[in-house]
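Colleague:
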Amino acid sequence: MVRFLPFLISLALSVYALFSCIQTPDEDVPHLPKLVWIVLIVFVPFIGPIVWLLMLRTQLGRRDRAVRPPKPSTRPVAPDDDPDFLKSLDRYRDPRTTAKPPQDRTPPEPEPEAEPDPPDRKPKPKPKAEDETPSESDDGKA
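Just so you know, the sequence shown maps onto residues -5 to 136 in the numbering used here.
Spelled out as structure tokens, the structure:
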């Protein structure tokens, strides 16, 4: 098993570098045409794939440094920072679960108090209940 290990490592490295080379756009291929890189990766074990990966890494590193940082945008980046977005969510809120802001209420006007009875007047007597008639269960005995 140990004697196959260098062959397996070389095969895995070559397959990875070959797919990487094929998927790289033509304008990003470093120094040589893409077809020359494919031939080097396939026919020069160990060295071809390693050189491809190192050259690609340095090429991408230079390109990333040359890119200018993006300008700060005038609009908020996150949606929860955008007031227009937050206002648009109001129509989806459940009125039963959201707290309503206090409304401007004017205090109710006090009702006029009833005039107290003058001290010289006597209170009105309560009306008397009518005489009760004997019910049918009564035998009329009183």
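For every residue, glycine included, the Cβ atom is placed at its ideal position computed from N, Cα and C. Source: prediction; values computed, not measured.
Using a Cβ-Cβ cutoff of less than 8 Å, which residues in the same chain neighbour I32 once the five nearest sequence positions on both sides are dropped?
Modeller: L12, C15 and I16
Colleague: Can you look up F40 in the DSSP assignment and give me helix, strand or coil?
Modeller: coil
Colleague: So, with DSSP's three-state summary, where would you put E21?
Modeller: helix
Colleague: For A9 and R56, what's the separation of their Cα atoms in angstroms?
Modeller: For clarity, residue 9 is Val in the given sequence; the question names Ala instead. Inter-residue distance for V9 and R56 is about 25 Å (C-alpha atoms, whole angstroms).
Colleague: I need the boundaries of the alpha helix (DSSP H) containing L80, first residue and last residue.
Modeller: P77 to S82
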